[in-house]
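Heads up: the structure comes next, in structure tokens.
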Amino acid sequence: MNVVEITDPHGEVLMGCGHVAVAFHHLEPGQTCSGLTGDHPSCPICISIDSRACKPIERPPLEGRQAICSYGRDWGQGPRGGHKYVPSDWGLAFFEYRGPGSHQAEEICGRCKKTLGAHTNPIHPEDIGHSICVSFTPQGDTPDEYYCGCMGWD
510 MNVVEITDPH GEVLMGCGHV AVAFHHLEPG QTCSGLTGDH PSCPICISID
560 SRACKPIERP PLEGRQAICS YGRDWGQGPR GGHKYVPSDW GLAFFEYRGP
610 GSHQAEEICG RCKKTLGAHT NPIHPEDIGH SICVSFTPQG DTPDEYYCGC
660 MGWD
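Under the working numbering, the letters of the sequence shown match residues 510 to 663, in that order.
Right under this line is the structure:
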């Protein structure tokens, strides 16, 4: 059985998708995931859409970096107000590193916010120049994200 068990490893492991691991992926004997066998840390947010969700990577230094709740990024003050930047910390809930070398910095377009893959191999080529810009430009270093609990924890 292929099972993802939610845990709380307190940001000890950073996954290739950019999120800290908050789960363990349990595999049956003989199964593999991203070349790994057996139980291993994983990101339950990305596990079904990004093979990097099961690939641990080295944690870069966070000194001087800031993070904001993912709801505050899109909605300013957010539905419950008061989203402010906080010092980045691996222990923040659902923390996602978005700095230099991250998936977000290198593979998301700074203009249209679509992926590099959407630019190079679009599902709908007619989207180029409309919802997908003509020239991919990496968005680069952006503030890290986490979840502050503003929308509840259930």
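Backbone N, C-alpha and C fix where the C-beta goes; we use that ideal spot for every residue, glycine too.
Just so we're clear, the structure is a prediction, and the values are computed from it rather than from any experiment.
Best match in the options for proximity to residue i [C-alpha to C-alpha]
i: residue 522; options: 563, 621, 546, 559; result: 563
i: residue 644; options: 663, 600, 620; result: 620
i: residue 654; options: 624, 622, 592, 623; result: 592
i: residue 600; options: 549, 657, 618, 534; result: 657
Proximity test, Cβ basis, 8 Å: residue i and chain D
i: residue 556; result: No chain D is present in this structure, which holds just one protein chain.
Whole-angstrom C-beta distance between residue j and residue i, which should lie under 8 Å
i: residue 614; j: residue 646; result: The pair is not a contact, with the Cβ atoms about 12 Å apart (cut-off 8 Å).
i: residue 530; j: residue 551; result: 6 Å
Residues of its chain near residue i, where Cβ-Cβ distance is below 8 Å and the 5 sequence neighbours each way are ignored
i: residue 554; result: 526, 528, 562, 603
i: residue 547; result: 536
i: residue 587; result: Caution is warranted here: a pLDDT of 48 is assigned to residue 587, below 50, making its placement in the model unreliable, and no coordinate value can be reported.
Close-in-space but distant-in-sequence residues of the same chain around residue i (CB under 7 Å, 5 per side omitted)
i: residue 510; result: Its pLDDT being 46, under 50, residue 510 is placed unreliably in this model, and the coordinates cannot settle the point.
i: residue 610; result: 569
i: residue 545; result: 563
i: residue 574; result: 597, 608, 653
i: residue 616; result: 624, 625
DSSP beta-bridge partners of residue i
i: residue 663; result: BP columns for residue 663 are empty, so no partner.
i: residue 655; result: 578
i: residue 624; result: 617
i: residue 542; result: 545
i: residue 637; result: 641
i: residue 522; result: DSSP output for residue 522 lists no bridge partner at all.
Same chain, Cβ closer than 6 Å to residue i, neighbours up to 5 away in sequence not counted
i: residue 662; result: none
| query | For the stretch 563–572 against the stretch 606–615, are there 3 or more C-beta pairs whose distance is under 8 Å? | reply | Under the three-pair Cβ rule at 8 Å, the stretch 563–572 counts as touching the stretch 606–615.
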